[in-house]
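Peer 1: According to the working numbering, the sequence shown is numbered sequentially starting from 41.
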Amino acid sequence: MPLLNVHCRPLSTGVLVTVTGELDVTNAADLESLLERSTPPGEPVVLDLGGLTFMDCAGLHLLLRQQDRLHRQAARLHVAAVHGSPANLLRLTGVRNALTLHPSVGRALVAVRGESPSPLRESC
């Protein structure tokens, strides 16, 4: 099973979720469950994928489902720092045009609320 590490950092508005490793069919459901449990309703999510080295279609579907879930709550998914193989998957499938993508976590945080992250309150 590919290794996937996830760290959640609550922000003053929303949550920053940092994902490293490989996201695929063996662990996408676990990440999705964590995102749904750790995201306050109606709050934005910044998903830092800078440390993601691989993503298959299960990860792609996860992004689209989370975007849809947050949209129904009048919130937004901000996907940050995607590069390499995961970025190629988004480009080849045309999905990058459907997501709110940012070149860095810093840019995503500015888009969410115009300030740097608050001090760590607790990890999810």
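Idealized CB from N, CA, C, for every residue including glycine.
1. Take LEU141 and list the residues in its own chain whose beta-carbon comes closer than 7 Å to its own, dropping the five residues that flank it on each side.
2. Going straight from the alpha carbon of LEU160 to that of GLY146, what length do you get?
3. Measuring only the C-alpha atoms, how far is CYS97 from GLU83?
4. Looking only at its own chain, which residues have a Cβ that is under 6 Å from the Cβ of GLU155, when we skip the five neighbours before and after it?
5. According to the neighbour-count rule (16 or more other Cβ atoms, all chains shown, within 10 Å of its Cβ), is ASP88 buried or exposed?
6. Around the Cβ of LEU63, are there at least 16 other Cβ atoms within 10 angstroms (buried) or fewer (exposed)?
7. Pop quiz: CYS48 and VAL59 are said to be a contact at Cβ under 8 Å. What is the actual Cβ separation, rounded to whole angstroms?
8. Could you name each continuous beta strand (DSSP E) segment of 3 residues or more that falls completely within the segment 101-131, going from the start of the chain to the end?
9. Can you tell which of ARG116, PHE94, THR93 has its C-alpha closest to the C-alpha of LEU104?
10. Please state whether DSSP places GLY134 in a helix, a strand or coil.
11. Quick check on the DSSP output: the alpha helix (DSSP H) that includes VAL65 runs from which residue to which?
Peer 2: Walking through what the data contain:
1. VAL119, VAL122
2. The predicted position of LEU160 is uncertain, since its pLDDT is 40 and thus under 50; a value taken from the coordinates is nonetheless stated next. LEU160 and GLY146: Cα-Cα distance of roughly 16 Å.
3. 26 Å
4. Confidence at GLU155 is low in this model, with a pLDDT of 41, below 50, so its placement is unreliable and no value can be given for it.
5. buried
6. Here LEU63 is buried: its Cβ has 16 or more other Cβ atoms, across all protein chains shown, within 10 Å.
7. With 8 Å as the limit, CYS48 and VAL59 do not qualify as a contact, their Cβ atoms being about 10 Å apart.
8. 117-120
9. ARG116
10. coil
11. Unbroken run through VAL65: none, as it is neither H nor E.
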